[in-house]
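Okay, so here's the structure we're looking at.
Protein chains in written order, with this note's numbering: chain A, 1 to 212; chain B, 213 to 382.
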């Protein structure tokens, strides 16, 4: 099972969904939840809303697995379900969605060897959340799901040209925001390097005051 | 942005950064049990709802059946004449008694004997009806003639009896 390609594993699990005595949902969740939540969070710009979308879809396919089982490409079908649910939630909560540069609500994971890159990851996700959902979903599907523009266009019911232009615009915006973030980070680092030199005498003075 | 200078952030650089950040955000730890629990809850709720629907459907079918039967019975009773209604009721009670094994057959037999006599008596052209009719006709004729005779006789005899007296006395 470990050697099987991702799409085949999804297909295998969806074929077993709904069979009596077989609990496939847990396996399907373990296999797909990370990717689905990633897409849903990019669309809703909120961890809880994204998880709600994934939960709603997982619940629906567990109770009525026939449509997913009958789909020719179950993974694309699953992505489309999560995308539609996330858009629905985002539309409902439109008033409360605010574009924010903070990602404190996101559930993040970092490996030990990626500690140095965490700032970069945070900046990328922070910039991604500022994109419109239509561009963010294309960026996610293209970059992290490795789909072609034709596949994304079929999934989104759009033309490949529209999808490609959204991707280009999205990347351009991301580049602008990441450049700004990088500039700010460099400025902060420069300030931090300067600040200890300025603060040292003051600290010494306070220590002297403490001795009195 | 600790290690990538801003001038390197072209399209390829952004794509590389995006690809590297793909696993940074994921589901929370409680999402899996939440999903499993929700599915379990909905499944059990669905079974309960199914049982409830089945029970209510059975009850509804029973009510419909009883009401249809009652309406059929009341229709047949309303269409029948009063004597037929009585006969049906008696037959029904007889059937009930037979089915329950109760006695009192003498009363039922007596009732049916009376009914048969009544039916025989009111049947057109039967002897009982003729005799009863002729008897009543004769009595009617006697009733129309005799009183007149008796009355005239009575009156005349009384008049005759009173005349000599009256005449004698006057």
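Glycine included, C-beta positions come from ideal geometry on N, C-alpha and C. Computed from a prediction, not measured in an experiment: that's the story for all the values here.
Buried or exposed by the 16-neighbour rule on C-beta atoms within 10 Å, applied to residue i
| i | result |
| --- | --- |
| residue 44 of chain A | buried |
| residue 70 of chain A | exposed |
| residue 233 of chain B | buried |
| residue 148 of chain A | exposed |
| residue 36 of chain A | buried |
| residue 285 of chain B | exposed |
| residue 150 of chain A | exposed |
| residue 49 of chain A | buried |
| residue 323 of chain B | exposed |
| residue 81 of chain A | buried |
| residue 91 of chain A | exposed |
| residue 20 of chain A | exposed |
| residue 51 of chain A | buried |
| residue 245 of chain B | exposed |
| residue 257 of chain B | exposed |
| residue 181 of chain A | buried |
| residue 117 of chain A | buried |
| residue 221 of chain B | buried |
| residue 65 of chain A | buried |
| residue 276 of chain B | exposed |
| residue 326 of chain B | exposed |
| residue 260 of chain B | exposed |
Coil, strand or helix - residue i by DSSP
| i | result |
| --- | --- |
| residue 326 of chain B | helix |
| residue 24 of chain A | coil |
| residue 148 of chain A | coil |
| residue 130 of chain A | coil |
| residue 107 of chain A | coil |
| residue 221 of chain B | coil |
| residue 207 of chain A | In this prediction, residue 207 of chain A scores a pLDDT of 42, lower than 50, which makes its location untrustworthy; the coordinate-derived value is nonetheless stated afterwards. Of the three classes helix, strand and coil, the one that applies to residue 207 of chain A here is helix, per DSSP. |
Partner residues on chain A for residue i, Cβ-Cβ distance less than 8 Å
| i | result |
| --- | --- |
| residue 240 of chain B | 47, 51, 107 |
| residue 269 of chain B | Per Cβ cutoff of 8 Å: no residues; residue 269 of chain B is ~22 Å from chain A at best. |
| residue 251 of chain B | 25, 58, 59, 62, 63 |
Close Cβ partners of residue i (< 8 Å) along its chain, the five nearest in sequence each way excluded
| i | result |
| --- | --- |
| residue 226 of chain B | none |
| residue 254 of chain B | none |
| residue 174 of chain A | 124, 127, 128, 131, 139 |
| residue 11 of chain A | 74, 75 |
| residue 242 of chain B | none |
Cut-off 7 Å between Cβ atoms - residues of its own chain near residue i, not counting five sequence neighbours on either side
| i | result |
| --- | --- |
| residue 350 of chain B | Reliability of the predicted coordinates at residue 350 of chain B is poor, the pLDDT of 47 falling under 50, and no value is obtained from them. |
| residue 42 of chain A | 128, 136, 137, 140 |
| residue 358 of chain B | The predicted model places residue 358 of chain B with a pLDDT of 42, which falls under 50 and marks its position as unreliable; any figure quoted below should be read in that light. Cβ neighbours of residue 358 of chain B beyond the five flanking positions: none. |
| residue 159 of chain A | 153 |
Contact list for residue i against chain B, beta-carbon separation under 7 Å
| i | result |
| --- | --- |
| residue 58 of chain A | 247 |
| residue 29 of chain A | 244, 247 |
| residue 117 of chain A | 232 |
| residue 55 of chain A | 243, 246, 247, 250 |
| residue 163 of chain A | In chain order: nothing, as chain B lies at least about 16 Å away. |
| residue 86 of chain A | Here the premise fails: no neighbours, minimum Cβ distance about 14 Å. |
| residue 125 of chain A | 233, 236, 237 |
| residue 41 of chain A | 237 |
CB contact flag (residue i, residue j, <8 Å)
| i | j | result |
| --- | --- | --- |
| residue 68 of chain A | residue 78 of chain A | yes |
| residue 130 of chain A | residue 177 of chain A | yes |
| residue 3 of chain A | residue 53 of chain A | no |
| residue 144 of chain A | residue 236 of chain B | no |
| residue 39 of chain A | residue 13 of chain A | no |
| residue 248 of chain B | residue 87 of chain A | no |
| residue 238 of chain B | residue 7 of chain A | no |
| residue 106 of chain A | residue 55 of chain A | no |
| residue 76 of chain A | residue 17 of chain A | no |
| residue 134 of chain A | residue 166 of chain A | yes |
| residue 223 of chain B | residue 171 of chain A | yes |
| residue 108 of chain A | residue 251 of chain B | no |
| residue 119 of chain A | residue 164 of chain A | no |
Partner residues on chain B for residue i, Cβ-Cβ distance less than 9 Å
| i | result |
| --- | --- |
| residue 90 of chain A | The contacting residues do not exist; residue 90 of chain A stays about 17 Å from chain B at best. |
| residue 171 of chain A | 223, 226, 227, 230 |
| residue 68 of chain A | Simply none; closest approach about 14 Å. |
Neighbouring residues, chain B, relative to residue i (Cβ below 8 Å)
| i | result |
| --- | --- |
| residue 149 of chain A | Per Cβ cutoff of 8 Å: no residues; residue 149 of chain A is ~14 Å from chain B at best. |
| residue 38 of chain A | 234, 237, 238 |
| residue 121 of chain A | 232, 233, 236 |
| residue 213 of chain A | For chain A, the structure presents residues 1 to 212; residue 213 of chain A sits outside this window and is missing. |
| residue 34 of chain A | 235, 238, 239 |
| residue 143 of chain A | 227, 230, 231, 234 |
| residue 135 of chain A | Going along chain B, no residue has its Cβ under 8 Å from residue 135 of chain A, so there is no contact; the nearest lies around 13 Å. |
| residue 175 of chain A | 221, 222, 223, 225, 226 |
| residue 139 of chain A | 230 |
Partners in chain A for residue i, counting only beta-carbon separations shorter than 7 Å
| i | result |
| --- | --- |
| residue 259 of chain B | Near residue 259 of chain B there are no residues of chain A at all, since even the closest Cβ is about 12 Å away, more than 7 Å. |
Contact set for residue i: own chain, Cβ-Cβ below 6 Å, skip 5 residues either direction
| i | result |
| --- | --- |
| residue 229 of chain B | none |
Cross-chain neighbours of residue i in chain C, by beta carbon under 9 Å
| i | result |
| --- | --- |
| residue 255 of chain B | Here the protein chains are A and B, and chain C is not one of them. |
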